[in-house]
Amino acid sequence: MEQLTWGILLAAYLFVGGMAGGAFIVGALADILGKDKWKVLSKSGIYVSLPCIIFGLVFLILDLGRFEVAPLSPLNAYINFPASIMSVGTWIITAFTAVSLVTAILYFFEGHAIIRKLFEVVGFVLGGSTAAYTGVLLSFARGRPFWVSPYLPWLFIISGTLTGLAMALFLIPIIAVFMPRFFEDFKNLFDKRTEYVSMLGETDKYLTILGIIEICLIVLFIGTAPGGSFLMTGPLSLWFYAYLILGLIAPLGIGYYIAKLDSARAHENLKTEGISSSMVLSSLGSFVLILIGGFLLRYVVLVAGQIII
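Each residue of the sequence shown is one higher than the one before, starting from 6 at the first, in this note's numbering.
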């Protein structure tokens, strides 16, 4: 087996980096298109993006393993712009981090809505670029034909958006329960269980659409990447099928179940308390599975690209 140069730490960077971009995309769209109806979801997406991109940078620096020897070595990534794809990505991620920080501050301190939305538009572009860059970076690696696929960046964008949406929705009850004093709107939404459940019912269709698109992209990626069938039959097949089943198929099944519950909840003659609790618990379980699947996807693709020569 080929010696692995990159492992868990870089996979973690690819995962949280993509999720950061996807969460900001979700937050920006929820604010610009959903207006006040999706304000809490928008805030959650923006709040998710900032720590995710910071953690991603930490994972990347740790993976490089040179910080203790040369603490300023990460600054070399800013050199050779725009000739180096790594330099381009570094500037994109830096700009995205700054925009995420400013947008989060504007939300937390209730800054001017128009200024916030301008930053969201810029962050939408940078967030998508950040999610795509995690795939583009791999495709530019020399001597790694498995990663040279036009579908890989798109796969990481969709997966990043899917995990970003799942994390943004998952974070709402967490913040509402553990930090209600600082985020009263989160607490109010979650305490009014009907409104949170309605949000789960409406966002379920977007999770389903993203999941179906990701399945299509993974099929195209495997079908076009050199040695793509290796994922299904090689030593990584167990992890690959775990990704498919846990990260995509199971959440789609849960999504169908949630849609049925949401339809039943719409009938006024039914008692909705039990249905609402089932929707919340099922949704939270689905979000966890989606996040696990998002990490497994990066890990499998990262390792496979180093094995397949």
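Every residue, glycine too, gets a C-beta built ideally from N, C-alpha and C.
Does the separation of the CB atoms of residue i and residue j fall below 8 angstroms?
i, j, result
"L266", "S283", "yes"
"G50", "G22", "no"
"F20", "R198", "no"
"L241", "V305", "yes"
"L301", "Y248", "yes"
"L46", "M204", "yes"
"L170", "L212", "yes"
"F161", "A181", "no"
"A269", "I280", "yes"
"L142", "F226", "no"
"S154", "A230", "yes"
"G310", "R121", "no"
"L307", "W11", "yes"
"E125", "I37", "yes"
"A109", "L34", "no"
"Y112", "K40", "no"
"L251", "I217", "no"
"K44", "D196", "no"
Using alpha carbons as the reference points, say which of the options lies closest to residue i.
i, options, result
"S234", "F101, L67, I312, V285", "I312"
"I223", "G61, A35, W152", "W152"
"K210", "G290, I259, A109", "I259"
"T102", "I163, C57, K44, I254", "C57"
"L106", "V127, I90, G94", "V127"
"F129", "I217, G252, V31, F191", "V31"
"E219", "G165, A35, Y52, G12", "G165"
"V255", "A17, S288, L55", "A quick correction: the sequence has Ala, not Val, at residue 255. When each option's Cα is compared against that of A255, the closest is S288."
"L67", "L14, G94, K42, G252", "L14"
"L65", "A16, R270, I250, P158", "A16"
"V53", "V202, T168, G116, L251", "T168"
"E207", "F114, W244, Y261", "Y261"
"K42", "I297, Y201, I217", "Y201"
"T95", "I59, F187, L9", "I59"
"G140", "M91, A100, G228", "M91"
"I98", "G299, F188, F245, V63", "V63"
"V104", "L123, G239, R186", "L123"
"I163", "F245, G228, C221", "C221"
* To do: Please confirm if the region 26–38 is in contact with the region 127–139, defined as three or more CB-CB distances below 8 angstroms between the two stretches.
  => Look at the beta carbons and you see the region 26–38 touching the region 127–139: at least three pairs across the two are nearer than 8 angstroms.
* Would you mind listing the alpha helix (DSSP H) stretches within the region 35–74 that are 4+ residues and don't spill past its ends, in chain order? => Runs of alpha helix (DSSP H) with 4 or more residues, each lying fully within the region 35–74, are found at 44–69, listed in chain order.
* **Contact the region 170–183 vs the region 293–311: 3+ CB pairs below 8 angstroms** => The region 170–183 vs the region 293–311: in contact.
* Where are the alpha helix (DSSP H) runs, 4 residues long or more, that stay fully inside the region 216–243, in chain order? -> Segments of the alpha helix (DSSP H) lying fully in the region 216–243: 235–238.
* With a floor of 4 residues, list each alpha helix (DSSP H) that falls wholly inside the region 245–314, ordered by position along the chain. => With a minimum length of 4 residues, the continuous alpha helix (DSSP H) runs that stay inside the region 245–314 are 255–270, 278–312.
* **Residue ranges of each alpha helix (DSSP H) within the region 98–179, 4 or longer** => Segments of the alpha helix (DSSP H) lying fully in the region 98–179: 118–144.
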